[in-house]
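Chains as they are written, first to last, in our numbering: chain A, 30 to 392; chain B, 30 to 392.
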DNA sequence: AGGCACTGTGCGAACGTTCTCACAATAGAA
DNA sequence: TTCTATTGTGAGAACGTTCGCACAGTGCCT
């Protein structure tokens, strides 16, 4: 039989050794009431001698606070989420908070399970990249029951919670704008574009042109497409539907295939805009296998900046997201909220920057 | 003032509604004692009606089990750790365990803090990539106090705990072997090689040649150097000390600088072996900026396989580590141990494979 | 009839903290 | 003096579970 738990030392024993009541010892060790200098010393001495460590479970049970933040990421394995997580973890640690991690794989069921687990474990708050901007009753419920939520990367429609996002639309508009300015007219976009309940690409584009879409609760790749359309509109260019490649899945292979398809057309685009890091990877893979020369035969700008992009033959111009800052901001919003902020929901939008490198030239 | 906690429903209320004692309700809901079919139904019905969720803190306080695993990674932002974490998280989730995450940044103080935090939060076990293979009393203490530990990537000397590692030495030996076989005689190695208390590179090499080093508790980059030396010994080649580049820090920039230094020498090596992903990135950066052609002017093999390596102009031959499998194995070892395994410490060594691509040619 | 094993239920005590009270002592103000 | 405020201490009740025990009923074997 396994040895039970070898004499965990509790506050009672510290109190006994110091010759005071557990209440007094608690006050000294927990730092929450009055205590004389002399007793303080005595208690601390015996705590040290016994190697006392407070049981955070017991504390949490009574205070209702666990000093733990629950995080629901899409997939920590991706550089995007792992950097955000890093930001969250750093800020949390500095304030003595723990981070309980789960992955949703962008699946609603998974997210639901994850939130449930975190809630059961009594986390003080939830930092979530929501899978679905509409069906998020579980988040609403959690919020209503007093568990603060901070969303990142995207926002649930009408959820009254804090959020950190980036200005995808603007960055995309500017990136495409710079391609147009360089003289490009046939600019392709390779984007994930999953989950759009209200129709297909064509109708989305029409509705953007008509100005009848509220962009804030769109998924990032759609916001980036939004910016793509806007840039075309601003320049008075028509959009060739054939140049909008909807990958439909977050997969390198799918991206590669779509890129191949796009670049093998007779009437090939002169420039390619990839809507995130994975799409860029898939595209680069396709481009090298086709033997296309960048930027002579094809100009390129990608969303997300990954280390390898800067040391590729011609380095790839990229929209860089402030990933760790996003995580840090999310954590900070959460900690503020936990510190008693009763302010209305705040929405922080971080700015993006364009790292101009060698992948753009005149067509 | 913030609303307190809006009527959390406890087992007492479920019991009352079902007309039974809390003990009985507990048995049904916790599934740990006898209960008749009829009562089972009644309790479950009222639990469902009230939306009851057990408070895992309270449960943990009494059972001493939190169903939470603490993880101390070096830096989740790195692809290595994030993949491992993914593996850990997947297996843990499947068994209903939560994952509490911390980073050590490979700093002993940080690791100490992290372990302390996790222990205070009463995690059931610790999965750690130890910073220091010698001074790890905190781990020994935790172990002695009944908190199981699984190490990964490296092992603490004489710590009687489970571990998952890969066969760095063998993989490195074989990689270098294949370069030698291709005809290379001047093979450089670019490696982190921090933390070696017993002297410098020269003395390490001498001691390897003398057979007086126990490799299992070395840090991975040293094990890889070990294999490098062995391959040379086996082929009867002398080692040119100038070809062993010790970066001394885990930094892309430092790696790039060392690589530049190495490749600008008059008597340039004909092949380069990089001891991990970051070193490879630094080297590739240096190589492109020098305009060296791979594999004509320089052959190359790198440890760690990152997505971009496969779609670089000539794809880079790489030793691929089974990263997620490593995480999964670590988690599985932990869960076994928690399930009551009293077996002696197990050490799982995973095999590595060489992904042969286009970066190796005759000199 | 007695004994024993098994099933089912409730009472109350844990678990290790914090929190609410009650009570004292001291000091300064009225 | 008496009142009030401030500082200090301890007893005991929380928090929401699980666990040990007592007790009772059933069925089966001697």
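Virtual Cβ for every residue (Gly too), placed ideally from N, Cα, C.
CA-CA distance, residue 83(B) to residue 92(A), rounds to 17 Å. Per the Cβ contact rule, the stretch 190–209 of chain B is in contact with the stretch 357–366 of chain B (3 or more Cβ pairs under 8 Å). Relative to the Cα of residue 206(B), the nearest Cα in the group 165(B), 90(B), 301(B) and 145(B) belongs to 301(B). Your pair residue 155(B) and residue 131(B) does not check out as a contact, with CB atoms roughly 10 Å apart and the cut at 8 Å. DSSP lists 220(B) as the beta-bridge partner residues of residue 275(B). Excluding its 5 nearest sequence neighbours in each direction, residue 276(B) has C-beta neighbours in its own chain below 6 Å: 221, 283, 284 and 287, listed in chain order. Taking residue 305(B) as reference, the option from 347(B), 42(B), 85(B) and 184(B) with the minimal CA-CA separation is 347(B).
For residue 183(B), the number of other beta carbons within 10 angstroms of its own is at least 16, and it is reported as buried. Contact with chain B is found for residue 336(A), since one of that chain's Cβ atoms lies less than 8 Å from the residue's Cβ. Within a 10 Å sphere around the beta-carbon of residue 356(A) sit 16 or more other beta-carbons, which makes this residue buried. Rounded to whole angstroms, the separation of the alpha carbons of residue 254(A) and residue 234(A) is 9 Å. At a beta-carbon threshold of 8 Å, the residues of chain B lying near residue 340(A) are 310, 313, 314, 317 and 318, ordered along the chain. Taking a Cβ-Cβ threshold of 7 Å, the residues of chain A close to residue 111(B) are 105, 106 and 111, in chain order.
Boundaries of the beta strand (DSSP E) harbouring residue 99(A): 97–102, taken from the DSSP string. Where residue 352(A) is concerned, the enclosing alpha helix (DSSP H) starts and stops at 352–367. Residue 316(A): member of the alpha helix (DSSP H) spanning 306–319, first to last residue. Contact between the stretch 63–82 of chain A and the stretch 42–55 of chain A is present: 3 or more CB-CB pairs across the two stretches fall below 8 Å.
As the crow flies, the alpha-carbon of residue 160(B) is around 14 Å from that of residue 179(B). Put simply, the stretch 230–248 of chain A does not touch the stretch 213–220 of chain A. Fewer than three CB pairs are less than 8 Å apart. For a cut-off of 8 Å, the C-beta gap from residue 202(A) to residue 256(A) is around 4 Å, short enough to register as a contact. Its chain contains 350, 379 and 381 as the residues whose beta carbon lies nearer than 6 Å to that of residue 195(B), once the 5 sequence neighbours on both sides are disregarded; these appear in chain order.
Contact of residue 298(B) with chain A is not assigned, every C-beta pair being separated by 8 Å or more. Secondary structure of residue 235(A) (DSSP, three-state): helix. Residues of chain B with a Cβ closer than 9 Å to the Cβ of residue 132(A) are, in chain order, 115, 118, 119 and 122. For residue 84(B), the C-beta contacts it makes with chain A under 8 Å involve 90, 149 and 151, in order along the chain. Contacts with chain B at 8 Å (Cβ-Cβ) include residue 128(A).
Among the residues of chain A, none has a CB under 9 Å from the CB of residue 162(B); the nearest is roughly 24 Å distant.
For residue 171(B) and residue 157(B), the gap between their C-alpha atoms comes out near 12 Å. Under the DSSP assignment, residue 338(B) falls outside any beta strand (DSSP E), being part of the alpha helix (DSSP H) whose first and last residues are 336–339. Counted as a single uninterrupted DSSP element, the stretch harbouring residue 290(A) is not any beta strand (DSSP E) but the alpha helix (DSSP H) occupying residues 281–293. If you check the CB distance, residue 97(B) and residue 129(B) come in under 8 Å. Taking a Cβ-Cβ cut-off of 9 Å, residue 284(A) has no neighbours in chain B, whose nearest Cβ is about 11 Å from it.
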